[in-house]
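Chemist:
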Amino acid sequence: MRRTAPRLLSAALGNLTSGLAPATTLARVQEIWERTAGPAIALAASPTAEHNGVLTVTCEASVWAQELDLMAEQLITGLNSGLGAGQIRELRCRTG
Numbered sequence: 012m013r014r015t016a017p018r019l020l021s022a023a024l025g026n027l028t029s030g031l032a033p034a035t036t037l038a039r040v041q042e043i044w045e046r047t048a049g050p051a052i053a054l055a056a057s058p059t060a061e062h063n064g065v066l067t068v069t070c071e072a073s074v075w076a077q078e079l080d081l082m083a084e085q086l087i088t089g090l091n092s093g094l095g096a097g098q099i100r101e102l103r104c105r106t107g
């Protein structure tokens, strides 16, 4: 009987946890948020809820919420290109 080469624990855990993420629109948005919004925005704001196409983004400061309100159309377009057309129709920003 031959032994197989040892595998890294991180690789085994990655395979195990990849199937644990919920298959919701919010989970998919969270996966693509940094790519879509950019690293600076992703550090200051994160998607926290989604209901019937309305995405709620919680921002660390009101200035970020205001900035994202101005960028809403661009962000929605970017998110929908990654998710499939029409998944997100409105962006609501809050401070939290």
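In terms of our numbering, the sequence shown opens at residue 12 and continues consecutively. Just so you know, even glycine gets a beta-carbon here, dropped at the ideal spot from N, CA and C.
1) Relative to the C-alpha of W44, which residue among G97, E78, C104 and G93 is closest?
2) For C70, which of E84, L81, G107 and G64 has the nearest alpha-carbon?
3) What residue ranges within the region 27-97 form continuous alpha helix (DSSP H) runs of no fewer than 4 residues, ordered along the chain?
4) Can you find at least 3 beta carbon pairs, one from the region 12-23 and one from the region 69-88, that sit closer than 8 Å?
5) Between which two residues does the beta strand (DSSP E) harbouring T106 extend?
Modeler: Here's the rundown:
1) Per the Cα distances, G93.
2) When each option's Cα is compared against that of C70, the closest is G107.
3) With a minimum length of 4 residues, the continuous alpha helix (DSSP H) runs that stay inside the region 27-97 are 36-48, 50-55, 73-81 and 83-94.
4) No contact exists between the region 12-23 and the region 69-88.
5) Membership of T106 in the beta strand (DSSP E) is indicated by the continuous run E101 to T106.
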